[in-house]
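Using my numbering, the first residue of the sequence shown is number 121, and each one after it goes up by one.
Inspection log for the structure reproduced underneath, given as structure tokens.
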Amino acid sequence: MMVKTTVSKVVLLCLLFLALLPQSTDAQTNQCPTCWVPIARHRLVTNVNISANIHGYGELLPKNYNPNSTQKHPLIINMHGRGGAGPGNDPYWICLAVCEGLPLKIEQGVVNDFETVNGQPVSYIVLTPNYQLPNANWNDIVNMLNYALANYPKVDRNKVYLTGNSQGSSMIMDLMSSSATNARRFAAVVPLATCNSQTSSGINNMISNNVHYWGLTAVQDWTCNPANTISWGNAMVNNAPHLGRLTVTPVYNPNFNHDIARVWESSWTDNGTTIVRWMLQYSSAAGGALPATLGEYDISLRNQQVVANWTTTLESNTDYFIIERAGADQQFKEIGRVQAAGNSSETNKYVFTDNVLLKGTSYYRVVLVNLDGVKEVYELRKITNKDFKTAIAVSPIPATTTIQLAFELETSQRLNFFIKDINGRTLNTWSANFSSGYASLPINIQG
Numbered sequence: 121m122m123v124k125t126t127v128s129k130v131v132l133l134c135l136l137f138l139a140l141l142p143q144s145t146d147a148q149t150n151q152c153p154t155c156w157v158p159i160a161r162h163r164l165v166t167n168v169n170i171s172a173n174i175h176g177y178g179e180l181l182p183k184n185y186n187p188n189s190t191q192k193h194p195l196i197i198n199m200h201g202r203g204g205a206g207p208g209n210d211p212y213w214i215c216l217a218v219c220e221g222l223p224l225k226i227e228q229g230v231v232n233d234f235e236t237v238n239g240q241p242v243s244y245i246v247l248t249p250n251y252q253l254p255n256a257n258w259n260d261i262v263n264m265l266n267y268a269l270a271n272y273p274k275v276d277r278n279k280v281y282l283t284g285n286s287q288g289s290s291m292i293m294d295l296m297s298s299s300a301t302n303a304r305r306f307a308a309v310v311p312l313a314t315c316n317s318q319t320s321s322g323i324n325n326m327i328s329n330n331v332h333y334w335g336l337t338a339v340q341d342w343t344c345n346p347a348n349t350i351s352w353g354n355a356m357v358n359n360a361p362h363l364g365r366l367t368v369t370p371v372y373n374p375n376f377n378h379d380i381a382r383v384w385e386s387s388w389t390d391n392g393t394t395i396v397r398w399m400l401q402y403s404s405a406a407g408g409a410l411p412a413t414l415g416e417y418d419i420s421l422r423n424q425q426v427v428a429n430w431t432t433t434l435e436s437n438t439d440y441f442i443i444e445r446a447g448a449d450q451q452f453k454e455i456g457r458v459q460a461a462g463n464s465s466e467t468n469k470y471v472f473t474d475n476v477l478l479k480g481t482s483y484y485r486v487v488l489v490n491l492d493g494v495k496e497v498y499e500l501r502k503i504t505n506k507d508f509k510t511a512i513a514v515s516p517i518p519a520t521t522t523i524q525l526a527f528e529l530e531t532s533q534r535l536n537f538f539i540k541d542i543n544g545r546t547l548n549t550w551s552a553n554f555s556s557g558y559a560s561l562p563i564n565i566q567g
């Protein structure tokens, strides 16, 4: 991000501070008055372009989440039912999505924040995308996963899980049926009250990629026939008993027998385990190995060009890197490719230069494509090019504690900095001297 100037000027960082910070886990405000349980722990994220049918989601971070630590957390992607569908452009719709199933039970305080796995306490992230009907499908889940991996660097990529109810459950099983490549990205799936029929491709994809399955349904369900879940479960148990699990529960809600959210409560167990604890014990079929270990990673504006620099310290069966760019709408398009090393235990350096600058705000990211076609999306970087002469780049997006500011000066000078919140309130001010040329510095945005 670069600022070219010949006179002393102010670099004004008008940060959307409140929008960047995740909702405090100790918050007491009910964000969703339409929900029969106060929703206080979630951050309600709206107006993001994750896919054609997902533009918002609910975020629940563990109480011990620290973006500056080295600790990684498992990720649970939770797909709501038909009643939670919406365009994601207003908190109202996100409230519908999180007012059911696992998110609701967490807000009630009846789900443990930690589960003990191999003798160690494990906390986890839950993201609930608010998908829009009638066109939402399994591909939206893939886009949600890509978004999560790009924007939540503390996710343990080998411990990603899928769960959902009803319509969301059916989307999960459609995803398992879509391809082995898609199935292998998840360590375990927990579909509740599935509405679609079992497919041989779904069963084969899960078994061949070591995806653990636990299907649950009520003994009576007037919305989605229990035979659907039973068929999926029996096929998994009979063909891969080490992977498959099936539970047929009593009717917990006499007024709506399709609702079996009770099974998420930590007091509910089946053969001695809760659902969350069962999920967290499993890792993906890759066995903890990533196709590439990323070293340095920087995308910034230099000499009126956007330059992407990154390194890898280990590569296994990598094919090539895609460089993608988007405007303010965050609709990414490929703008170039760089051949990957394939297999290497040495440090490999990569660079890509974009000479076609977009005016205003643009976003860049690098995507690794492996030989088997599986993609790994790296972190998003934001470039702000105001008039093709003055530019500021900020990363990462989103941020919770620290951002990295980059700019370029034609002459040595003193700059004044201001951090303001969304209401215009000044949170911090300071001044510093800079030499001519490119500069990059971390900035604390916690106030």
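Don't be surprised by glycine CBs; every beta carbon is placed ideally from N, CA and C.
Span of the alpha helix (DSSP H) holding glutamine 191?
-> It is not in any alpha helix (DSSP H) - glutamine 191 carries neither H nor E in the DSSP assignment.
For glycine 322, collect the residues of the same chain with a Cβ closer than 7 Å to its Cβ; drop the 5 residues on either side in sequence, then sort them by chain order.
-> Met293, Met296 and Ser297
Within 10 angstroms of its Cβ, does tryptophan 550 collect 16 or more other Cβ (buried), or is it exposed?
-> exposed
Taking 8 Å as the threshold, find out whether the segment 272-292 comes into contact with the segment 223-240 through three or more Cβ pairs.
-> no
Own chain residues within Cβ distance below 6 Å of cysteine 155, not counting five before or after | Cys215 and Cys219
If asparagine 348 and leucine 366 are in contact, beta carbons under 8 Å, what's the gap, nearest whole angstrom?
-> 12 Å between Cβ atoms; not a contact.
Can at least three beta-carbon pairs, one atom from the segment 322-338 and one from the segment 242-250, be found at a separation below 8 Å?
-> no
Count the other CB atoms within 10 Å of the CB of tryptophan 384; is the residue buried (16 or more) or exposed (fewer)?
-> buried
Going along the chain, which unbroken runs of the alpha helix (DSSP H) with 4 or more residues stay wholly within the segment 387-467?
-> 395-400
In this structure, does DSSP put threonine 166 in helix, strand or coil?
-> strand
Glycine 201 and glycine 288 closer than 8 Å at C-beta | yes
Range covered by the alpha helix (DSSP H) that runs through threonine 349 | 346-359
Counting Cβ pairs, one atom from each stretch, are 3 or more of them under 8 Å apart for the segment 414-432 and the segment 384-400?
-> Fewer than three beta-carbon pairs drawn from the segment 414-432 and the segment 384-400 are found closer than 8 Å, and the two stretches are therefore not classed as touching.
Measure the CB-CB distance between leucine 265 and isoleucine 197 and report whether it falls below 8 Å.
-> Yes, Cβ-Cβ distance for leucine 265 and isoleucine 197 is below 8 Å.
Delimiting residues of the beta strand (DSSP E) encompassing glutamate 235 | For glutamate 235, the enclosing beta strand (DSSP E) stretches over residues 235-237.
Note the first and the last residue of the continuous alpha helix (DSSP H) segment covering tryptophan 213.
-> Run containing tryptophan 213: 211-218, per the alpha helix (DSSP H) assignment.
Which partner residues does tryptophan 334 have in the DSSP bridge list?
-> Arg365
For glutamine 425 and threonine 481, believed in contact at Cβ under 8 Å, the rounded distance = Not really, about 17 Å apart at Cβ, beyond 8 Å.
By Cβ distance, which residues of its chain are closer than 6 Å to valine 494, with the 5 residues on each side in sequence left out?
-> Thr301
Got a sec? Which residues, its chain only, sit under 6 Å from serine 404 by beta carbon, not counting five neighbours each side?
-> Asn278 and Ala307
DSSP bridge partner residues for arginine 501 (one or two, in chain order) = Tyr484
Residue environment, asparagine 553, which counts as buried when at least 16 other CB atoms sit within 10 Å | exposed
Beta-carbon proximity list for valine 427, same chain, < 6 Å, skipping 5 on both sides = Within the same chain, valine 427 has close Cβ partners Thr473.
Buried or exposed (CB count within 10 angstroms, at least 16 for buried), alanine 448 | exposed
Tell me, please, which residues DSSP counts as bridged to glutamine 533.
-> Phe554
Which first and last residues belong to the alpha helix (DSSP H) in which glutamate 227 is found?
-> 221-228
Just the Cα atoms here: how many angstroms apart are asparagine 437 and alanine 460?
-> 9 Å
Under a Cβ-count criterion, where at least 16 other Cβ atoms within 10 Å of its own Cβ denotes burial, should glutamine 318 be classed as buried or exposed?
-> buried
Cβ of glycine 208 within 8 Å of Cβ of isoleucine 159?
-> no
Give the DSSP-derived three-state secondary structure of arginine 277 in the structure shown.
-> Three-state DSSP puts arginine 277 in a strand.
Span of the alpha helix (DSSP H) holding asparagine 263?
-> 258-271
Where glutamine 568 falls: helix, strand or coil (DSSP) = The question about residue 568 has no answer here: the residues shown for the chain are numbered 121 through 567.
How many Å lie between isoleucine 95 and asparagine 325 at the Cα?
-> Because the chain spans 121 through 567 in this model, residue 95 falls outside it and cannot be assessed.
Any idea what DSSP makes of leucine 294, helix, strand or coil?
-> In the sequence as presented, leucine is not what sits at residue 294; that position holds aspartate. Helix, per DSSP.
Does DSSP classify leucine 132 as helix, strand or coil?
-> Reliability of the predicted coordinates at leucine 132 is poor, the pLDDT of 39 falling under 50, and the value obtained from them is presented with this limitation in mind. In this structure, leucine 132 counts as strand in the three-state DSSP scheme.
Out of curiosity, what's the CA-to-CA distance linking serine 290 and glutamate 444?
-> 31 Å
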